[in-house]
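In our numbering, the protein residues as written are 6 to 822.
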């Protein structure tokens, strides 16, 4: 034990001599441990939503679909039928799609108001979830059909206790209060959930929704412990026999947010899996760097190894000494990783479940420590081999552990290829010409929709039409123009679809056939929007009130629609609208007399050269319909107001917008204001975040790689100092010594780059499948990366060879005492 303590003290003192090499080794281990911990934790969290529920693996969302599409929307009576068909071993719950959070308070106490997330569901959902009922009775709630179920936290926030059955609560909407009664209290949602709720309201099924498959306004949740048997039972139910479409399939609730659209596991979790692979590569690079540094260090201490053997130390004791030398670096790496993990948790940078990070950190750290000590078998073997060669009179090989250099160059080249390829792709998408102006334009969201987790939005309807004129009055703040967009063409959420036919197809009655092959997105825009947004078109065509023709819709097709309907000459084309085929997240008002778009002739004035779909999807066929700003239509979206401002005056323009809205008593927290460019760039926010994170990891990888290169070069030149001195005495110059050294190291760099290209190109090709834009980087990018690495390695070789050449040959060739 005393000898081990002495070795450990010597190892601590040795950290000063190793200097920056030890620092890089510690940092490499720490960064790789943290990255692998967070990547594994992120993957586990994303695949284990609702893990706080009892037996959560048995919860499934029922969907309709086939190999091409998937939809969770079903009709009410399907849930009733499944409850009777599947038997007692399967629990069935019916619920409606979730919307934004709603405002609640106690009766006559508006100061207690706060926003809460609701879920409209049957009481069977509570049983299906496996929630514990803390107060009240589910049977009484089901019988009453007008009582709310609160979670424990919501009950305590409102009343300060959980025995609140029979108490009243108020829902506040549009200044009006609706009174409801609490029927039960259940336990909280204690983690990430695909169905998070603070309260459960009654399902309230309308008579028109019963016995009618056309109203697919419901979702169904199943709990089963016998998946295969349940799937066999579901296969016997054919939705097409009931007038619907698709087959019934089950998607695990814990992965529904990723797999709900029918994606495969690898496709849905590509980023999580990719970062686990990258983190493993960083761990491998860090461990290899550690082994390269200490192999070089130990091989430079062969005489000390021989002295220990002469004093009676066995191979095992010398191996223990070498492991002890590495122990401080490994320990400091784990300690620094733990400190980094705590700091990242404190700053809120953890991806995934924060509570499980510590557990994963312990497991990952233990695995990395074991890997380091197992890998130390390589320098131990090298030292023993060098020691025995010195006694047999053999000359030591001048090239040592070059495979480590190839591994590190492989890791750096692969990460650089991925990082630069992603940055190039994202930059191309964000800065591409979409066919309209998006700079110096603010977007004020005024729509009616709030998504799950968002607070209820402000009702802009009374002031929507007045806002543009009020904003124009703020010309002193840099505002030059404003326009209200009832149907916002830049909004990817609210959409309308209409069918388009030729006169012959309408006469043949094809409109009555099932299918969506003649479907096109329908978007109404004010005539003035063409100039406001600078919408580009072929041959300079414009939507204009001067081109209006009685009985015809004045429209412009985009390129996809022109191709879909074979429009070559807009003047000769004779197309007609059919009926509205579908609406996504839309609100209507008025009667059919306002449906002016049905069965109208089309006056196609030109082709709009714009792209409104983000690059994750192909550009869908669209028609832009010109309408006056005071146009009346059934659509009640009132999506957004756009404000144009002078260059460099964004702050003044934003302040003016908020000032105008404050005069209309719009709460500051309800103002959702951003630039149009930022709004469009949000489509690639996820990719940008991951690309920047990968770039940071790549920097660490490159740093670790060149640290290993430097360490190997130090030892290699230390072995060659005498031969270099002899060559200098024989008349060799710097170039004669530099070229052989450089040639061998560049060969290893090129080998690492060549090996890295194939997996890197494969990963990039897989990632590029998510986009309808750009091409996978080719050999040229990898060639640039390898050339850059060769330049850096050449500088390192140059510096070290120059340093050795400055030594005096007489001192180098002096016999060792």
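Ideal placement from N, C-alpha and C gives every residue a C-beta, glycine not left out. Predicted model only: the values in this text are computed from it and were never measured.
When C-beta atoms of the segment 302–313 are compared with those of the segment 73–93, fewer than three pairs fall below 8 Å, so the two segments do not count as touching. Membership of residue 636 in any beta strand (DSSP E) is not indicated, and neither H nor E is assigned to it by DSSP. A straight-line Cα-Cα distance of about 8 Å links residue 554 and residue 608.
In terms of Cβ geometry, residue 35 and residue 341 form a close pair [threshold 7 Å]. Separation of the CB atoms of residue 198 and residue 63 is rounded to 15 Å, and the pair is thereby denied contact status at 8 Å. Within the model, the alpha-carbon separation for residue 182 versus residue 173 is close to 12 Å. With 16 or more neighbouring CB atoms inside 10 Å of its own CB, residue 530 falls in the buried class.
Within the same chain, Cβ atoms closer than 8 Å to the Cβ of residue 210 are found at 81, the five residues on either side in sequence being excluded. If you draw a 10 Å sphere on the C-beta of residue 536, you find fewer than 16 other C-beta atoms in it, and that means exposed. Taking residue 277 as the centre and dropping the five residues before and after it, the same chain places the C-beta of 47, 48 and 51 closer than 6 Å to its C-beta, in chain order. Closest option to residue 798, judged by alpha-carbon separation, among 750, 786, 766 and 782: 750. By the Cβ rule, the segment 662–673 does not count as touching the segment 421–432, because fewer than three pairs are nearer than 8 Å. With respect to residue 263, residue 279 sits apart: the two C-beta atoms are not nearer than 7 Å. Remark: three or more beta-carbon pairs, one from each stretch, lie closer than 8 Å, so the segment 492–510 and the segment 601–617 are flagged as touching. Annotation: the segment 652–683 contains the following complete segments of the beta strand (DSSP E) (minimum length 3 residues), in chain order: 678–680. DSSP, read as helix, strand or coil, puts residue 183 in strand.
With a cutoff of 7 Å on beta-carbon distance, residue 469 and residue 643 are scored as near each other.
A direct Cα-Cα distance of roughly 7 Å separates residue 328 from residue 378. For residue 256, the pairing in a beta bridge is given by DSSP as 66.
Secondary structure at residue 496: coil, using DSSP grouped into helix, strand and coil. Residue 506 sits in a strand when the DSSP states are folded into three classes. Contact check between the segment 619–634 and the segment 444–456: fewer than three CB pairs, one atom from each, fall below 8 Å, which does not count as touching. Shown here, residue 262 sits in a helix according to DSSP, grouped into three states. DSSP places residue 531 inside the beta strand (DSSP E), whose first and last residues are 524–531.
In this structure, residue 191 lies away from residue 170, with their beta-carbon atoms at least 7 Å apart. Taking each of 448, 410 and 237 in turn and checking the Cα distance to residue 794, the smallest one comes out for 410. If the five residues before and after residue 508 are omitted, its C-beta is found closer than 7 Å to the C-beta atoms of 579 and 581, all from its own chain and listed in chain order.
Taken through DSSP and simplified to helix, strand or coil, residue 166 comes out as coil. Between residue 373 and residue 38, the beta carbon gap of about 6 Å places them in contact (Cβ cut-off 8 Å). Rounded to whole angstroms, the gap between the alpha carbons of residue 40 and residue 270 is 22 Å. In the displayed model, residue 229 falls within coil according to three-state DSSP, outside both helix and strand. Under a 10 Å Cβ-count criterion, residue 136 is classified as buried, with 16 or more other Cβ atoms of the shown protein chains found around its own Cβ. Annotation for residue 787: the continuous alpha helix (DSSP H) segment containing it runs 784–810. Counting only runs of at least 4 residues, the segment 341–366 fully encloses no alpha helix (DSSP H) element at all. Here DSSP, grouped into helix, strand and coil, assigns residue 601 to coil. Distance from the CA of residue 587 to the CA of residue 339, rounded to the nearest whole angstrom, comes to 57 Å.
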